[in-house]
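Engineer:
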Amino acid sequence: MLAPAPEREKDADEHLLCLEEHASTADDHAAHARHDARRREAERQAALCRAARATGASTGELERLARCLGEIDRCGRGATLVAEGQVAADRLSQRLQPLDLEDGHMAWQMAGAAEYIERGLTQALDPAHDHKWYARWQLWSFLLGGADAAHALALQGLALRPCGPRDPQADLTARARRILESWRRTSGPYFWSAMEDCVRQQGFSLETQAYLMHAVATLFDGDPMKLSNAECERLNELLVETYCDALGTSGAMPSAEIYRRMAAGLQAVDRETGRMRTLGRSDAAQIAATAIYTLLRGDRSA
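Per our numbering, the very first residue in the sequence shown carries number 18; after that it's consecutive.
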């Protein structure tokens, strides 16, 4: 027997939302390529304001930094900065400390999520861009207020690459690192609220969000926790339920509610001390990546 019409319509809407957030990272990249000049300028201004509010840098300072990056790019030196920044980012990825879990199902699921994300990061989007490039572009645009791909990756290069006092870009490097360190010191609630705003504005697919969470976990270390499988499963279930609850109420981006929930703070009991405390940014990002992986696999239905 068919369900009543309103119920069928609701189920259809939720199915479309699920499909919308299962779009590939390549589709997200193509959507960015189609943005018109007016939208790109609006996104650039929004990114500048977001970075300025979070870091204390003025929008004028960020604008000057962007202009300098443009000059570097026009002089043909931007490629070196980007390449060195990518190498430094890869070294950061190798130092990522996975969540310290007991043996069990959740530890296996975390490993499966990490393997899925790492494998996806190496799959080519096209000859010029891959998932890793795209995820880093988006993360550094978010952190340092740039909207142009070349500028965002040059900022990554400036902030991460080794630099001596006599380096021609020493002043720019110091400025980029200061802005990055300000983001590191930004409170967790503000950071996740800004991430929610960014995800809503850009309409990122779940796949892209998984890569972004991997990048956040790599870049922000903090104070790691030792979690039991039960605690980790509880947190994973909490974020998955947050997504599922939002399907019928939040419009086109139910996953953005995950970051709103993270802004409220994810708390767990440290199995070593027995004390309840808030997860650091890296640990929280790894939990979020696993929850998104759960949704991508379809282990939970809306």
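The C-beta atom is built at its ideal place from N, Cα and C for all residues, glycine as well.
1) Give me the residue from A193, A105, M279 with the minimum Cα distance to A74.
2) Can you say whether W125 is buried or exposed, counting buried as having 16 or more other CB atoms within 10 angstroms of its CB?
3) With H, G and I counted as helix, E and B as strand and the rest as coil, what does DSSP make of L116?
4) So what's M293 in DSSP terms, helix, strand or just coil?
5) Can you tell me which residues form a DSSP beta bridge with V233?
6) Measuring only the C-alpha atoms, how far is F221 from R201?
7) By DSSP, does D262 sit in helix, in strand, or in coil?
8) I'd like the ranges of any alpha helix (DSSP H) spanning at least 4 consecutive residues and lying wholly in the stretch 196-247.
9) Please determine, among R178, C180, R153, L177, the residue with the shortest C-alpha to C-alpha distance to A167.
10) What residue range is occupied by the uninterrupted alpha helix (DSSP H) comprising A169?
11) Considering only residues of the same chain and omitting the five flanking positions on each side of L86, which have a CB-CB separation below 6 Å?
12) For R56, count neighbouring C-beta atoms within 10 Å of its own C-beta (all shown protein chains included) and say buried if the count is 16 or more, exposed if not.
13) In angstroms with no decimal places, state the Cα-to-Cα distance between E88 and L82.
14) When you compare each of A96, E274, T235, D300 to A285 by their alpha carbons, which one comes out closest?
15) DSSP three-state call for A305: helix, strand or coil?
16) Enumerate in chain order the residues of its own chain whose CB-to-CB distance from G297 is below 6 Å, with the five nearest sequence positions on each side excluded.
17) Using C-beta distances below 6 Å, list every residue in its chain close to A176, excluding the 5 sequence neighbours before and after it, in chain order.
18) Examine the ligand COA and report whether any of its heavy atoms sits within less than 8 Å of the Cβ of A285.
19) Find out if the Cβ-Cβ distance for the pair A227, I134 is shorter than 9 Å.
Structural biologist: In this structure, then:
1) Relative to A74, the option among A193, A105, M279 whose CA is nearest is A193.
2) W125 counts as exposed, since fewer than 16 other beta carbons sit within 10 angstroms of its beta carbon.
3) Coil, per DSSP.
4) Three-state DSSP puts M293 in a strand.
5) According to DSSP, V233 bridges with nothing at all.
6) Roughly 23 Å between the two C-alpha positions.
7) Note: D262 maps to helix in three-state DSSP.
8) Complete alpha helix (DSSP H) runs here, min 4: 205-219, 223-236.
9) Looking at the Cα atoms, R153 is the closest of the given residues.
10) Run containing A169: 166-177, per the alpha helix (DSSP H) assignment.
11) Excluding residues within five positions, the ones whose Cβ falls inside 6 Å are H168, A171.
12) Label assigned to R56: exposed.
13) In this structure, the straight-line span from the alpha carbon of E88 to that of L82 is close to 10 Å.
14) Taking only the C-alpha atoms, the option nearest A285 is D300.
15) Residue state, collapsed to three classes: helix.
16) So the list reads G239, D240, once near-sequence residues are dropped.
17) By the criterion of a C-beta distance shorter than 6 Å, A176 is surrounded in its chain by A193, R194, L197, once the five residues flanking it on both sides are discounted.
18) Of ligands this structure carries none, so the ligand COA is not represented either.
19) For A227 and I134, yes; Cβs fall inside 9 Å.
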